Structure formats: C-alpha cells, structure tokens
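Novice: I'd like to ask you about the structure that follows.
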Amino acid sequence: GERLRIRGQLQTPPENEDFSYKDYLARQSIYSYVTKSEVTRLPGNNGNIISTQIYKLKSKLLENTYRLFQDPEASLFAGILFGVDTGLPKKLQEAFKNTGTAHIIAISGFNIAIIAGVLFATFKYFFNERISAILAICGIFFYMFLVGGDAAVFRATLMGTISILGRQTGRRNDGLNALGAVALIMTLLNPLVLWDVGFQLSFFATLGLILYAEPFSQFTENLLAKFSKGDISTFTKLINENVLLTFAAQLTTIPIMAYHFNRISLISLIANPFILPVQPAVMIIGGLSVFISLIIYPLGQLIAWFAWAFSAYTIRIVEFFDKVPNGVIVISDTFSQLILLMYFPLLFLTFNWSAIKERFLASSSSLRAAALTIAFTITFVCMIIFWRSSATAGDGRFHIIFLDVGSADAVLIQTPEGRNILINGGASASELSDELGRRLPFFSPNLDWLIIASTQEDQLSALPRVLERYPPENVLLSGNIQASFSAQTLDKYFADENIPVTRAEAGQKLHVGENAYVEIQAEGPRGSVLLIQYQNFRALLPIGINEGTFESLEFGNTIGDVDVLLLADSGYAPSNPADLFENLTPQLVVLSVAAGDPDGLPSQDTLDSLEGYSLLRTDRNGWIDISTDGFEMQVIVERGN
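Quick note on this note's numbering: the sequence shown kicks off at 15 and runs consecutively.
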C-alpha cells in the first residue's frame, strides 16, 4: 500500500524467438517497464487493507517455512504450499522436470482438491453441509489470493468451486461442461490467458483426467477381475490413484510439454507412482506445521519433523530417477511442433471410439481394413525413420557445412566415419537447432566435438540452449571465457555436465578422423584461426581473429594455398585484408552474413577485393555444403547456383 513516485523512461518489454517477455507481461496487463528509474516513497498509504494483510501473512508463512525446515526440503515446501519455488537449486529443478514430476511443485488442481477436501471435512464438524461448502469455497479462494492466483491456480479454483456447488445442488457435475465454462470465464476476463503455458498445461491435464481416468480405471478393474476372484477394489484404487490418473493427465499434456520445452520424460510413468502417494501428507502435514507455528511455534516444529520425512523422501526419489539413463527424450523444434498433431487422432478416437468399435466388430472386413491401415501406418513410419536415418548416415565423403545462422559463424564438420564436429553456433538458437536437427543422426544426435573458436556473444549465444538437445562429448576452447555472458554460461555447463574441455594452443592438432584434423594456426583473447585439412583438401576459418593475427601468419604465407576460405567477421573490411586473398588463392570464398545486416556487412571494400574469386553467401545461398574425397571438391547450396 505504499505510495511511490517513479521517474524514468518507459520501454517496451523485449522479445526474441525463444521467449517474449512482452507477451508474458501483457498477460498480466503490463505493457511497459522501466529499467533506470528514480523511486521516491511518498507519505500516506492508499493500499488495499485486505491485500496488504494477505501479503504480510504469506511473507510470515514463508519465513516460518524456512525456520521449520532446512533446504532443500524448505524450498520444496515453499513451492508446494505457496507456489514459491525460486529457492530450489537449478539442478533439483531440472531433476523434477526430467522425471516429469515438476507438477507437484506448481500449485494446481491437485493442491486445490486437497485443500477443499480438508476444509470441507473440518467445517462439517461445526456446521451443516451447505455452510461448510460455502466456507470451503471461501477458503480455496483465499488460498488462491495467497499463492498469487496465476492462470493454473485460477482454473483449479473455479473447477473446485463448480464441483462443490454441483454437489450441494444435487446436480451431476459434467466435467467437460465445467472445464469449458471455466475456460470461457477465464478467456472473457483475460483473452491472453490462452497463450499462458501454465493454463494450457492445467487445462489439458484436467481434460485428460475427465476423458480417460474412468475408462482406464474400468479397464484395469475388468482386467484384474479376470485373474482374481477376491475383492480387488483396494488394489484397483491404489493403481488408479497413483498410476492411471498420472497417465491420463500426461496423455494430453505430452504434446504441450514437447512443444514448449522440447523434451519428453519417459521415466515419469515410473517416478510418479513412487512420489504421488505421499504428496497429500507433504501438503497437509507440512501446511499444518507452518500454520500452527504462527500460533504455537514449538508445536509447529514438532509436526514439521513428521512432514520433513515425506518431503525428504520425495526429493530423494526424484534425484534417484533423474539418474536413470535415457529417461528424457530431447527433441528438435521442428519435431516438437509436429507432435502437436497428436491431438487430432487422439481426440478423434476418444469421441468416436464407440462408433469405431461397433463398426470394427460388425464385420470382419472392417477388421481387415483396420489391420491394413495399421500395417500401412507402421510401414510409412518405418520408411520415414529409415529415410531420415539414411539421409544423415553419411556418404563416405568429408563435409564442411556452413550453416545459415545470420551474421555469425556456425560450421558443421561431418567425417566419412560419421563423426560430427560443430564450430561455434551463432546467435539464433532456433536456426542452429533446426540446422543440426536436419543433419545429425536420428537416434544419436550428439556432437563428437564442439570447437569454440570465438568467445564473442554473437558467436555463441545460441549454444547454451541448443547443447541441451545436442550435447558434445568433448570441447576444444579458445579465447577469453570472460568475454561474454554466453561463454561463461557454457563454461559452467561444461563443468556441471562433466564434459572434458581442452584449451586450444597455437600449433595444436585435433584429429577428427582418418587423415582429417583441425589445426590451430593462431590463438588469442578473441579466439583462434582454424585450418581444416582432409588429405589434400584445406579450408581456413579465421573465426576468432585477434589484433596482429594476420601479421603473425604473414598474411597467409605461412599457411599456403587453401581450397576454401571463410571471411572473418562477416566480411568486415579491416578483418579481411586483400593480401590474405592473394597469398591463400582460395578456389572458393564463403561469407556467413545475415540478409540486411544492421551493420551494413559485408563491407564494400571486402567485396571489391574479392573480384575474380568464387563467392558464396549464406544470406543469398542459405546453407553451403562443401564435400570432398580429399582430392576433388563438390559444393551444394540451399538456394541459388
């Protein structure tokens, strides 16, 4: 409720191809922000008294949470109870994501259902059902305001309210109608909520539960009944609550998660049944200890000892399953978009299953047609996979591919033995990911080597995100690691993932295949100059040139003739002296530059110096694939001649 005077220049929030901060803030009705500002606190207090008290209560609850528990359990309780997961270390957050269990630290329908049930049962000891229902509804709305009330929490609160009201009025609660009504209300209040990832995941998870929870449960019960004549209701309920409900929710959220996060957790179906049974205890006992500690702290501390055991178990189980190899599939941007098409056959089969089943059972011809359709589909999928694998399997030639990533350098080397070496990556994560996804092997899209030939920001900023999908086995690093934020991020990533890093030195040779190597011609703070050689084929890549580099190399006299020359710094004239071209006499010159480069690159002086040389440009030709058998060179470009 404090009154503030803020002076500064309003700016439009930034956005890029990976994340739009502008859209994120717009969903909260914020359209501008101020970075450099002067803030003055004014006398008086015009804030909402209720909101002020709620914020104070939340602050006190969080303070007591960290007093009652130690990290990481304290931060887990803060996330589960109050939606504040910023205290969880990044590695643990990644473990929750990789195991498909991150939903337990996000306030959702699961939390609201537990709170509504506890409140309703508690109030029934003192009031009749109708008053208890009203108080329970008030309680979950209060909880919604307490935790912040984002899209997922708001949806869950409305669904919980409709469910309670439906029960009290004696009307059957139709899940699809209720979900549709909630989505309509939220869209009317804020149309941008449809683009909120939390809302999308919450909506589709609920849709999965509505559509598939009961059929899955009935199928399991019928299946188990065939093998047991006794009472199996308890066992069926256990499987239903801890396995089938998770599967039902994940069935409809996998495409959304793949689209937004480029990953699919395979281990989640195993991990969730181990941790879901204890989550009500985590929330109820943990919440009870925190709230009671506000009144009688020692009693809250006593209860916290019991709650800690369940939270510690949750974390240890998540960390255990996170270590299971191949538990997560990391997918490319292109495939993550295609996977959204999964909704069409899924929903078609869901809403037409009865009719489809009757038609199949009505005639044997339908069964034959279905079998043929399935066989054709499987054959088609196998053909696509075989084609994709064949396309990336290699042709026995040595390839240097200059990827089209704008005004920066990203070079992929593919050897006849099938090794893949990436040199730098440029600034665009989506472009680099797309280029690599089309060329790396389908079943093992890993890099044998990553060579960092320049540590400048525009040369590396795509790599931190892309390497999560295409991890390197080894790294050759040149240049000052403190030169850019992305270089520092990569350095930390290599250390965290235990990826071997070799510092480049002038004269060093890296063997990448039979008769193939990368030689460091010069090395300095900005990076290095690389000579790629395969038998008689030679290519020079001056990606990380430093002051005095070409002088030390006698403008190419110490290198000799090359077949291919990459222009340095996207054709910037001072970085590409004419003497270099005359001494190297390249058969082909390659320029990596963005169309309409904002700095006006390439320099006209550079282009004038290249008159008479064969020149290919990524802004005009797209990617440039140069292959050789060691003696003859073949060039294929994405577009043009």
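The beta-carbon is built from N, C-alpha and C at its ideal position, and this holds for glycine as well.
All figures in this text were calculated on a predicted structure; none of them were measured in a lab.
(1) Return yes when the Cβ of residue 122 is within less than 9 Å of the Cβ of residue 102, no when it is not.
(2) Ignore the nearest five residues each way along the sequence and tell me which others in residue 326's own chain have a CB closer than 8 Å to its CB.
(3) Let me make sure I understand the geometry here. Which of 301, 284, 208 and 341 has the alpha-carbon closest to that of residue 112?
(4) Expressed to the nearest angstrom, what Euclidean distance is found between the alpha-carbon atoms of residue 63 and residue 152?
(5) In or out: residue 343 buried (at least 16 other Cβ within 10 Å) or exposed?
(6) How many whole angstroms separate the CB atoms of residue 580 and residue 598, which I take to be in contact at a CB cut-off of 8 Å?
(7) Helix, strand or coil for residue 423? Go by DSSP, reduced to three states.
(8) Can you grab the Cα-Cα spacing for the pair residue 563 / residue 587, in whole Å?
(9) Let me confirm a value: residue 293 is counted as buried when at least 16 other C-beta atoms fall within 10 Å, else exposed. Which label applies?
(10) Quick check on this structure: which residue in 110, 507 and 93 has the alpha carbon closest to the alpha carbon of residue 338?
(11) May I have the straight-line CA-CA distance separating residue 401 from residue 461, to the nearest angstrom?
(12) Compare the beta carbon distance of residue 429 and residue 528 with 9 Å and say whether it is the shorter of the two.
(13) Just how far apart, CA to CA, sit residue 632 and residue 420?
(14) Throw me the rounded Cβ distance for the residue 438 and residue 454 pair, which I believe falls under 8 Å.
(15) Could you check which residue in 209, 25 and 263 has the C-alpha nearest to that of residue 230?
(16) Going straight from the alpha carbon of residue 601 to that of residue 614, what length do you get?
(17) Please check the pair residue 82 and residue 307, which I expect to be a contact at CB under 8 Å, by giving their CB distance rounded to whole angstroms.
(18) To which residues does DSSP link residue 59 through a beta bridge?
(19) To which residues does DSSP link residue 533 through a beta bridge?
(20) Does DSSP put residue 606 in a helix, a strand or coil?
(21) Measuring only the C-alpha atoms, how far is residue 611 from residue 623?
(22) In the DSSP assignment, the alpha helix (DSSP H) including residue 572 goes from what residue to what residue?
(23) Using a Cβ-Cβ cutoff of less than 7 Å, which residues in the same chain neighbour residue 548 once the five nearest sequence positions on both sides are dropped?
(24) Measure the Cβ-Cβ separation of residue 620 and residue 540 and say whether it is below 9 Å.
(25) On the DSSP letters alone, give me the boundaries of the beta strand (DSSP E) that residue 92 sits inside.
(26) Examine the Cβ distances between the stretch 40-52 and the stretch 18-32 and report whether three or more of them are shorter than 8 Å.
(27) With residue 640 and residue 647 assumed to form a contact (beta carbons below 8 Å), what rounded beta-carbon distance in angstroms separates them?
(28) For residue 486, which residues of its own chain have a beta-carbon under 8 Å away from its beta-carbon, when the five flanking residues on both sides are left out?
(29) Do residue 118 and residue 94 have their C-beta atoms within less than 9 Å of each other?
(30) Straight-line CA distance for residue 276 to residue 561?
(31) How is residue 214 classed by DSSP in three states: helix, strand or coil?
(32) Would you give the residue range spanned by the beta strand (DSSP E) that residue 563 belongs to?
(33) Would you mind working out which of 36, 535 and 218 sits nearest residue 557, comparing C-alpha positions?
(34) Which of helix, strand or coil does DSSP assign to residue 84?
(35) Report the option in 440, 628 and 484 whose CA atom is closest to the CA atom of residue 452.
(36) Please classify residue 222 as buried or exposed, where buried requires at least 16 neighbouring CB atoms within 10 angstroms.
Specialist: With the structure as the only source:
(1) no
(2) Counting only Cβ-Cβ distances below 8 Å, and skipping sequence neighbours, we find 87.
(3) 341
(4) So the two alpha carbons sit approximately 18 Å from each other.
(5) exposed
(6) 11 Å between Cβ atoms; not a contact.
(7) In this structure, residue 423 counts as coil in the three-state DSSP scheme.
(8) 15 Å
(9) Buried, because 16 or more other Cβ atoms sit within 10 Å of the Cβ of residue 293.
(10) 110
(11) Only weak support exists for where residue 401 lies, its pLDDT of 49 falling under 50; the coordinates are left without a value.
(12) yes
(13) So the alpha carbons of these two residues sit roughly 8 Å apart.
(14) Rounded, the Cβ-Cβ distance is 16 Å, inconsistent with contact.
(15) 263
(16) Rounded to whole angstroms, residue 601 to residue 614 spans 26 Å at the Cα level.
(17) 6 Å
(18) 16
(19) 523 and 545
(20) coil
(21) 20 Å
(22) Note, residue 572: premise wrong, no alpha helix (DSSP H); not H, not E.
(23) Once the five neighbours on either side are set aside, the close Cβ partners of residue 548 are 412, 529, 530, 642 and 644.
(24) no
(25) Per DSSP, residue 92 belongs to no beta strand (DSSP E); it is in the alpha helix (DSSP H), 87-96.
(26) yes
(27) 6 Å
(28) 436, 460, 461, 462, 463, 464 and 513
(29) yes
(30) 41 Å
(31) helix
(32) It is not in any beta strand (DSSP E) - residue 563 instead sits in the alpha helix (DSSP H) that spans 563-566.
(33) 535
(34) coil
(35) Checked all of 440, 628 and 484; the closest Cα to residue 452 is 484.
(36) buried
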